[in-house]
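Here the protein sequences come in this chain order: Z and U.
Take the first sequence: its position 62, counted from the start at 1, is 61 in numbering that gives the first Met the number 0, and no numbers get skipped.
Take the second sequence: its position 217, counted from the start at 1, is 216 in numbering that gives the first Met the number 0, and no numbers get skipped.
For every residue, glycine included, the Cβ atom is placed at its ideal position computed from N, Cα and C.
Only a predicted model underlies this, so the values are computations on that prediction, with no experimental measurement involved.
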Amino acid sequence: MTIEWQWLSTHTDDLWALSLDHLSTAIPAVLLGLLIALPLAVVAHRIRPLRGVLLGLSNIMFTVPSLALFVILLPITGLTRTTAITGLTIYTLVVLLRNTVEGLDSVPAKVREASLAMGRGRVGTLLKVELPLALPVIMAGVRVASVMTISLVSVASYIGYGGIGQLFTDGFQRNFPTPVIAGVVLTLLLALAADALLVLVQWLCTPWIRKGARA
Amino acid sequence: MQNGKVVSMIRFDSVSKRFPNGTTAVDDLSVEFSEGGITVLVGSSGCGKTTTLRMINRLVDPTAGTITLGGRDVRDLPAARLRRGIGYVIQQAGLFPHRTVLDNIATVPTLLGWGRRKARARAAELLEVVGLPADAGKRYPNQLSGGQQQRVGVARALAADPPVLLMDEPFGAVDPVVRALLQDELIRLQAELRKTIVFVTHDIDEAVRLGDQIAIFRTGGHMVQCAPPAELLARPADDFVAGFLGSERGLKLLSLVTLAGVPYEPVGSVRSTATVKEARDAAAGRWLLVVSPDGGPAGWLDTGALEGLPGTSAVAGLALAPARGLRDSDSLLSALNETVSSPAGVAVRVDAAGVVTGVTGQDVLHARQRSLT
Ligand SMILES: Nc1ncnc2c1ncn2[C@@H]1O[C@H](COP(=O)(O)OP(=O)(O)OP(=O)(O)O)[C@@H](O)[C@H]1O
Ligand SMILES: [Mg+2]
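The following block contains the structure:
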């Protein structure tokens with residue numbers, strides 16, 4: 000397998016555009032996933048019987064093959080980016096939901112109780128105490144979901160919104176390895192960059208952990 | 000209810016709590032926790048102390064009966080409003096790990112809408128009140144020792160100056176030395192603040208030390224006796240209470256009762272500046288009390304040792320056996336100790352300024368001891 004560097008240098012603009020296209024599917028999918036997972040996780044955390052149902056459901060959704068998922072979605076949302084994003088969002092839920100529930104579980108009961116006992120309401124306690132303290136576990140989920148989504152976007156090539164995935168289709172069709180290798184490397188780089196960015200965000204958002212070591 | 004002062008007496012009227020799983024945590028409790036005093040709830044694990052406490056700030060709702068605070072049913076106010084007026088301290092402090100110490104303390108003032116600056120200023124003031132250095136304010140709770148965290152917990156509960164303080168084993172997780180220190184601080188603070196405090200502990204010594212009133216619970220959520228510590232130690236209601244108070248009940252009682260009102264008799268003494276002749280003249284028995292220039296006891300002089308000394312030589316410089324002056328606020332126990340350890344067999348009494356007033360013998364102390372039970 001040889002790489003044609005010539006092809007790469009003439010296609011830098013395309014590679015850049017495909018990367019951006021890739022991210023414009025991946026980022027909304029993760030954000031949307033988070034937006035859905037947060038309230039569901041709160042419900043699952045508060046109402047014991049619902050926990051198993053919601054977590055089980057998200058597990059089952061995860062096992063639906065991507066092709067089948069897109070086939071199901073097509074009649075509803077058509078050949079649009081929305082279909083790609085929706086499908087990927089469903090996959091992120093399995094990680095985001097589980098981690099958010101676990102994050103909320105990890106908040107010490109004493110701390111939650113202290114907040115209520117100080118006269119903070121349930122919503123205030125959730126927003127100001129429970130979610131911030133669950134952040135490290137939630138963020139661990141966001142990192143996994145982001146990396147997973149970035150690598151999964153390519154499957155949306157079926158419906159024309161695969162981003163970097165188009166390089167694979169292209170390469171396989173022409174039996175030309177260079178774009179495939181470029182696609183793999185780019186996916187990897189995007190995933191690493193996203194992960195690094197999220198680590199930084201988490202570091203900035205959790206000063207109490209940073210300074211936590213006993214002086 | 001006098002002259003518009005905040006009334007914060009807590010009253011339980013036939014209160015019971017049965018949890019949905021069938022456990023009766025508190026059974027038909029009727030009791031009053033006096034205003035401006037510390038009521039300590041003690042009893043073995045699972046006897047309903049925490050539940051009793053949590054019903055006051057409505058973290059738990061009773062299944063029967065009513066609880067009133069200053070004459071008002073606690074259910075009259077929205078729970079959050081009620082809680083902002085009741086300080087709450089728990090074991091290991093339950094501090095918010097993600098907020099700085101200052102922000103932790105400022106929690107209730109902020110909820111009350113004091114504004115950030117005023118709330119922070121008040122928090123800084125409280126750091127000092129509970130004996131923490133000002134630079135602790137910028138730190139996070141896990142950058143503090145357990146004892147320091149406990150102090151922050153107390154500061155946080157006091158921040159909005161609530162008339163009532165609920166404390167659930169607040170010093171249970173710190174070592175005995177730090178615990179004694181924190182108890183001292185609480186006693187000092189309480190002398191100043193006069194809060195209505197309900198304090199839960201497993202430690203009967205802590206209860207005796209802190210309580211103006213002690214309520215003893217037994218498993219099944221029954222309160223067996225509620226009385227001031229001295230009365231409890233002197234007259235336990237039944238064998239359960241007596242057993243709970245332990246085999247050293249008599250000693251604890253002696254350490255609790257003071258010398259106030261215990262009579263003393265005059266004692267012959269000489270100044271430490273006196274001559275040997277003056278000492279001989281003053282001596283009534285073998286031991287003579289020597290008084291230092293400030294009026295306090297300097298020690299006991301063995302008059303036998305004066306033999307053969309020239310009458311003009313000074314008492315100063317002769318060997319003295321130690322004598323400790325006991326104030327009215329000292330305990331009966333310390334006086335009894337003194338009668339045993341001093342060669343003269345009596346305890347030297349002094350006034351508030353430390354000036355010798357007389358001596359008390361063992362017979363008088365024993366008579367006082369017998370009068371207790
Ligand atoms: N939420 C709850 N649901 C069911 N039972 C409970 C609940 N909370 C407490 N109990 C039970 O009620 C009883 C009293 O509990 P409580 O916590 O008041 O005891 P305690 O005197 O504070 O004990 P400890 O000294 O161990 O703290 C116990 O048997 C306990 O198991
Ligand atoms: Mg308890």
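Integer Cβ distance of residue i from residue j, believed to fall under 8 Å
| i | j | result |
| --- | --- | --- |
| residue 37 of chain U | residue 198 of chain U | 6 Å |
| residue 13 of chain U | residue 29 of chain U | 6 Å |
| residue 107 of chain U | residue 136 of chain U | That pair is no contact at about 16 Å. |
| residue 36 of chain Z | residue 83 of chain Z | At roughly 19 Å, the Cβ-Cβ gap does not stay under 8 Å, so residue 36 of chain Z and residue 83 of chain Z are not in contact. |
| residue 104 of chain U | residue 154 of chain U | 5 Å |
| residue 217 of chain U | residue 42 of chain U | 6 Å |
| residue 212 of chain U | residue 235 of chain U | In fact, because the Cβ distance is near 15 Å, the residues do not count as touching under 8 Å. |
| residue 263 of chain U | residue 326 of chain U | Incorrect: roughly 12 Å between the Cβ atoms, too far for contact. |
| residue 25 of chain Z | residue 141 of chain Z | About 12 Å; that fails the 8 Å criterion. |
| residue 159 of chain U | residue 39 of chain U | 24 Å between Cβ atoms; not a contact. |
| residue 319 of chain U | residue 275 of chain U | The pair is not a contact, with the Cβ atoms about 14 Å apart (cut-off 8 Å). |
| residue 130 of chain Z | residue 14 of chain Z | Not quite, the Cβ-Cβ distance comes to about 38 Å (not below 8 Å), so this is no contact. |
Beta-bridge pairing of residue i - partner residues as DSSP gives them
| i | result |
| --- | --- |
| residue 75 of chain Z | For residue 75 of chain Z, which the question treats as bridged, DSSP gives no partner whatsoever. |
| residue 166 of chain U | U/88, U/198 |
| residue 361 of chain U | Its beta-bridge partners do not exist; DSSP assigns none. |
| residue 221 of chain U | U/217 |
| residue 346 of chain U | U/359 |
| residue 296 of chain U | U/290 |
Beta carbon proximity, residue i to chain Z, threshold 8 Å
| i | result |
| --- | --- |
| residue 121 of chain U | no |
| residue 149 of chain U | no |
| residue 56 of chain U | yes |
| residue 263 of chain U | no |
| residue 97 of chain U | yes |
| residue 314 of chain U | no |
| residue 106 of chain U | yes |
| residue 93 of chain U | yes |
| residue 110 of chain U | yes |
| residue 89 of chain U | yes |
| residue 79 of chain U | yes |
| residue 189 of chain U | no |
| residue 74 of chain U | no |
| residue 83 of chain U | yes |
| residue 142 of chain U | yes |
Exposed unless 16 or more other CB atoms sit within 10 angstroms - verdict on residue i
| i | result |
| --- | --- |
| residue 161 of chain U | buried |
| residue 183 of chain U | exposed |
| residue 1 of chain U | Only weak support exists for where residue 1 of chain U lies, its pLDDT of 43 falling under 50; the value from the coordinates is given anyway. Classification for residue 1 of chain U: exposed. |
| residue 169 of chain U | buried |
| residue 157 of chain U | buried |
| residue 286 of chain U | buried |
| residue 321 of chain U | exposed |
| residue 173 of chain Z | exposed |
| residue 44 of chain Z | buried |
| residue 4 of chain Z | exposed |
| residue 49 of chain U | buried |
| residue 4 of chain U | Below a pLDDT of 50, predicted positions are generally treated as unreliable, and residue 4 of chain U, at 49, falls in that range; the measurement from the model is reported next regardless. That one is exposed. |
| residue 56 of chain U | buried |
| residue 196 of chain Z | exposed |
| residue 164 of chain Z | buried |
| residue 46 of chain Z | exposed |
| residue 114 of chain U | exposed |
| residue 124 of chain U | exposed |
| residue 70 of chain U | exposed |
| residue 122 of chain Z | exposed |
| residue 2 of chain Z | exposed |
| residue 208 of chain U | buried |
is_contact[residue i, chain U] using C-beta, thresh 8 Å
| i | result |
| --- | --- |
| residue 47 of chain Z | no |
| residue 115 of chain Z | yes |
| residue 120 of chain Z | yes |
| residue 128 of chain Z | yes |
| residue 112 of chain Z | yes |
| residue 135 of chain Z | no |
| residue 213 of chain Z | Confidence is the limiting factor: at residue 213 of chain Z the pLDDT is only 48, short of 50, which leaves the residue's position unreliable and the question unanswerable from this model. |
| residue 197 of chain Z | no |
| residue 220 of chain Z | Nothing about residue 220 of chain Z can be read from this structure; chain Z reaches only from 0 to 214. |
| residue 207 of chain Z | yes |
Any residue with its Cβ nearer than 7 Å to a heavy atom of ligand 2 should be included. What is that list in chain order? U/48, U/49, U/167, U/168, U/199
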